[in-house]
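Written out below as structure tokens is the structure these notes cover.
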Amino acid sequence: MKRAIALLLLLTMSSITAASAAVPKSFTFTGSGYGHGVGLSQYGAKGQALEGKSATEILNYYFPQAQVTPVIDTATISVNIAHQVSALSLVLPATDTATITIDTAVANSFPQNSALNFAIAGKLITGPGGIGRTWIIRWNNPQSVISVNVGKTKFLVSHGYIQLKAVNAPGLGFRIEATNWLRLHDEYLYGIAEVPSSWPAAALQSQVIASRTYALMRMNSIKKACDCHVYNSKYDQAFVGYSKEGEPRYGHLWKAAVDATAVDAGSGLAITINQLPVSVFFSSSSGGMTQRAVDVWGTDIPHLENVADPWSIDPAVNKNYASWTKKVSQKVMAKAFGFKDVIEVRLGERTATNSVLNVTGVSSDGKTKTLPVGAFKTAVKMPSSWFELITLN
0 MKRAIALLLL LTMSSITAAS AAVPKSFTFT GSGYGHGVGL SQYGAKGQAL
50 EGKSATEILN YYFPQAQVTP VIDTATISVN IAHQVSALSL VLPATDTATI
100 TIDTAVANSF PQNSALNFAI AGKLITGPGG IGRTWIIRWN NPQSVISVNV
150 GKTKFLVSHG YIQLKAVNAP GLGFRIEATN WLRLHDEYLY GIAEVPSSWP
200 AAALQSQVIA SRTYALMRMN SIKKACDCHV YNSKYDQAFV GYSKEGEPRY
250 GHLWKAAVDA TAVDAGSGLA ITINQLPVSV FFSSSSGGMT QRAVDVWGTD
300 IPHLENVADP WSIDPAVNKN YASWTKKVSQ KVMAKAFGFK DVIEVRLGER
350 TATNSVLNVT GVSSDGKTKT LPVGAFKTAV KMPSSWFELI TLN
């Protein structure tokens, strides 16, 4: 009897040890590309520009059903530059003065080298000279650079004007939404920071045209949550204000690329079908072929189709993401699936480009869960949907 009990205990301990050993400490993946891969491949544009292609040729390649044509772009666009903040300050240079309008009140003028401080007070914003829901701040010298400070974060603005509005944020109460209102035609585009300014001119110009088109398609309404047409971040497209055109050595090259895509003072080149701007997207690079919109977001946009993109997987063009390796810890993987642990990861269906559509996790207690690849990528910070699982460590 004692021998039987001892044997049973030994078997039980062996099972526990085996189960523990079956839980890997990490998972290693290899892949290619960075981003969603729909539309314009930015590294693909760079590669084609290095081969001598023009911006129009590059865009016709990635959007074969569309054309590059002039469109009117005189609208003023509202860009959110500080979202759901409780306080901020604006710092004027010593060479300028500011004029402030509070709601519909008469404008007040503030002297040179002023630091203007604003804060939420209930449902309104307090600031220099008063209290109100909406503040408009203009500066008199068009060459000035205004610093918008939220804590230690500084955002530099040089064009248009700044609006502050108290907006009710769900779960937070009223917060300040700071927006920069400026001309889409050139002033907004001067601040787009989607690609390095040191790239070839044709690659820069193709990005300008794509960014102009993206913005034009978002001018129909103001988003209530941000009091803006577009965010200054990945939620729309990267906008860094004066920091782009003012960057050392290369900022003037980006500004020149913007100017090169202007047809005249009131129109610029855009990606169109039947002379009308269309929905466009862009990302850093693909796994060798761009994605269809339907395979990434579930919505079919016919002009966003699969296009061969060999430049993205050429290490001479795309040094960091032509190929990459990503190690994911057990802790991160388990959290992604909501399990206590993950012992197996299964890569599911794939698109025509060989990108993954879904990923299944298996826990040591037999649970399984399948995640869309977008949710999986976000949870584990995977660079793209083009990947393979190579080892469990």
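Under numbering that gives the first Met the number 0, the residue at position 391 of the sequence shown is numbered 390, and the numbers go up by one with no gaps. No residue lacks a Cβ here, since even glycine has one placed at the ideal position from N, Cα and C.
Would you identify the three-state DSSP class for residue i, choosing helix, strand or coil?
{"i": "S282", "result": "strand"}
{"i": "N79", "result": "strand"}
{"i": "Q162", "result": "strand"}
{"i": "L356", "result": "coil"}
{"i": "R244", "result": "The sequence given here has Glu at residue 244, not Arg. Reduced to three states, the DSSP call for E244 is helix."}
{"i": "S328", "result": "strand"}
{"i": "G267", "result": "strand"}
{"i": "I101", "result": "strand"}
{"i": "K334", "result": "helix"}
{"i": "A20", "result": "Note that A20 scores a pLDDT of 43, beneath 50, so its modelled location is shaky and nothing firm can be said."}
{"i": "N392", "result": "coil"}
{"i": "F386", "result": "strand"}
{"i": "A118", "result": "strand"}
{"i": "I4", "result": "Here I4 scores only 41 on pLDDT, less than 50, and its place in the model is too uncertain to base an answer on."}
{"i": "T11", "result": "For T11, the predicted structure reports a pLDDT of 36, less than 50, and the residue's modelled location is therefore unreliable. A value from the coordinates is still provided. It is helical."}
{"i": "V257", "result": "helix"}
{"i": "T367", "result": "strand"}
{"i": "V194", "result": "coil"}
{"i": "G373", "result": "helix"}
{"i": "S232", "result": "coil"}
Nearest to residue i by CA position, among the options, is which residue?
{"i": "C225", "options": "I76, L89 and A177", "result": "A177"}
{"i": "N317", "options": "K254, W198 and P301", "result": "W198"}
{"i": "D294", "options": "S31, V22 and G38", "result": "G38"}
{"i": "Q162", "options": "F173, N273, I80 and G347", "result": "I80"}
{"i": "V207", "options": "L188, D308, S242 and P195", "result": "L188"}
{"i": "I191", "options": "W253, A120, Q66 and T367", "result": "W253"}
{"i": "E348", "options": "Y241, T369, S311 and A165", "result": "T369"}
{"i": "P92", "options": "D299, I76 and S146", "result": "S146"}
{"i": "P247", "options": "L203, I272, R137 and P195", "result": "P195"}
{"i": "G337", "options": "K366, L346, F386 and L58", "result": "K366"}
{"i": "N59", "options": "G287, V358, S205 and V331", "result": "S205"}
{"i": "G223", "options": "Q83, K151 and A259", "result": "Per the sequence presented here, residue 223 reads as Lys, with Gly not at that position. Taking only the C-alpha atoms, the option nearest K223 is Q83."}
{"i": "E265", "options": "R211, L49 and A201", "result": "The amino acid occupying residue 265 in the given sequence is Gly; Glu does not appear at that position. Considering only alpha carbons, the answer is R211."}
{"i": "P23", "options": "T350, Q329, G159 and A202", "result": "Q329"}
{"i": "I76", "options": "E304, D185, L123 and L49", "result": "D185"}
{"i": "L203", "options": "S157, C227 and A255", "result": "A255"}
Do residue i and residue j have their C-beta atoms closer together than 8 Å?
{"i": "S278", "j": "Y33", "result": "no"}
{"i": "S40", "j": "T289", "result": "yes"}
{"i": "K326", "j": "S25", "result": "yes"}
{"i": "V372", "j": "A335", "result": "no"}
{"i": "G240", "j": "N140", "result": "no"}
{"i": "A74", "j": "L183", "result": "yes"}
{"i": "V78", "j": "V229", "result": "yes"}
{"i": "R132", "j": "A165", "result": "yes"}
{"i": "I101", "j": "G121", "result": "no"}
{"i": "A387", "j": "T29", "result": "Residue 387 is actually Glu in this sequence, not Ala. Yes, the pair counts as a contact, with Cβ atoms nearer than the cut-off."}
{"i": "S143", "j": "T98", "result": "no"}
{"i": "L87", "j": "V149", "result": "yes"}
{"i": "G360", "j": "V331", "result": "no"}
{"i": "D313", "j": "G46", "result": "yes"}
{"i": "P276", "j": "M216", "result": "yes"}
{"i": "S284", "j": "Y234", "result": "no"}
For residue i, write down the residues that DSSP places opposite it in a beta bridge.
{"i": "M288", "result": "A307"}
{"i": "W323", "result": "G30"}
{"i": "G126", "result": "G129"}
{"i": "W138", "result": "A97"}
{"i": "E343", "result": "V361"}
{"i": "C227", "result": "K222"}
{"i": "F62", "result": "Answer is none; F62 lacks a bridge partner."}
{"i": "V156", "result": "I145"}
{"i": "T68", "result": "A269"}
{"i": "S40", "result": "S282"}
{"i": "A168", "result": "G172"}
{"i": "P276", "result": "T271"}
{"i": "S25", "result": "S328"}
In the DSSP assignment, find the unbroken beta strand (DSSP E) run with residue i in it and report its ends.
{"i": "D263", "result": "A261 to D263"}
{"i": "N179", "result": "G172 to R182"}
{"i": "K380", "result": "Where K380 is concerned, there is no enclosing beta strand (DSSP E), given that its DSSP letter is neither H nor E."}
{"i": "N107", "result": "N107 to F109"}
{"i": "A86", "result": "A86 to V90"}
{"i": "S146", "result": "I145 to V149"}
Would you mind reading off the limits of the alpha helix (DSSP H) that contains residue i?
{"i": "Y213", "result": "A200 to L215"}
Residue i CB to nearest chain B CB: under 8 Å?
{"i": "Y187", "result": "In the structure shown, chain B cannot be found, because there is only a single protein chain."}
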